[in-house]
Amino acid sequence: MVEIRIARSGEEDQILEAYEWLFSPPGTRPSGWERGRARDALARTIADGDAAVLVAQDRERGLVGVCTVYLGPESMRFGLRCWVEDLAVHPQCRSRGIGARLLAAAREWGGGRGATHLKLDSAEARKDAHRFYERE
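Here is the structure:
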């Protein structure tokens, strides 16, 4: 059973491990990636009321998915937007609906804060991710 919830302070190191799923091919580690800086940014995101870190937690496996969401900007044409910055599912747990549930939780989180649109970017090399996002 996988539970989707908002991350809590103190879970930063565990969540940072999930970023390795994003860095494995076809992804890459961003230039300038520094774990300490990333940990501090993650802690600020967890504490920020205009952002959230959503996690998928399996009772047996532990953390199996993560999704970061941020509010803003508000545009005159579209209203308030909710941005999905990172979405990753453990490679051995993909195609089980976890990513879809994380994305649905991101939509719900943003909509509950007045966002009218959910936006995201995805690297060109992530063809499987593109198919997933288009389906969703």
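First residue of the sequence shown? That's 600 in the numbering used here, and the numbers climb one at a time after it. Built from N, CA and C at the ideal position, the CB exists for glycine as well.
Option nearest residue i by Cα separation, candidates the options
i	options	result
Ala-655	Trp-682, His-716, Gln-613, Met-675	Gln-613
His-689	Ile-603, Ala-617, Glu-602	Ala-617
Ala-704	Gly-671, Gly-713, Cys-666, Gly-678	Cys-666
Glu-684	Val-668, Gln-691, Met-675	Val-668
Gln-691	Arg-638, Gly-664, Thr-715	Gly-664
Glu-659	Lys-718, Leu-717, Glu-602	Glu-602
Asp-649	Ala-637, Gly-709, His-716, Lys-718	Gly-709
Arg-693	His-716, Arg-706, Trp-620	Trp-620
Met-600	Gly-635, Thr-644, Asp-657	Asp-657
Ala-637	Phe-622, Glu-611, Val-652	Glu-611
Residue i, buried or exposed, once every other Cβ within 10 Å from all chains shown has been counted against 16
i	result
Trp-682	buried
Ala-606	buried
Trp-632	exposed
Gly-696	exposed
Gly-609	exposed
Ala-714	buried
Ala-687	buried
Leu-670	buried
His-729	A caution first: His-729 carries a pLDDT of 40, below 50, which makes its placement in the model unreliable, though a value can still be read off. Looking at its Cβ environment, which holds fewer than 16 other Cβ atoms inside 10 Å, His-729 is exposed.
Ala-646	exposed
Ala-640	exposed
Thr-627	exposed
Gly-698	buried
Residues that residue i bridges to, as DSSP identifies them
i	result
Cys-692	Its beta-bridge partners do not exist; DSSP assigns none.
Any C-beta of chain E under 8 Å from that of residue i
i	result
Arg-712	Absent from the structure: chain E. Only one protein chain is present.
*Runs of alpha helix (DSSP H) wholly within the stretch 601 to 647 (minimum 4 residues, chain order)*: 611 to 622, 634 to 646
_Length at least 3, wholly inside the stretch 653 to 722: the beta strand (DSSP E) runs in chain order_ = 661 to 674, 678 to 688, 716 to 719
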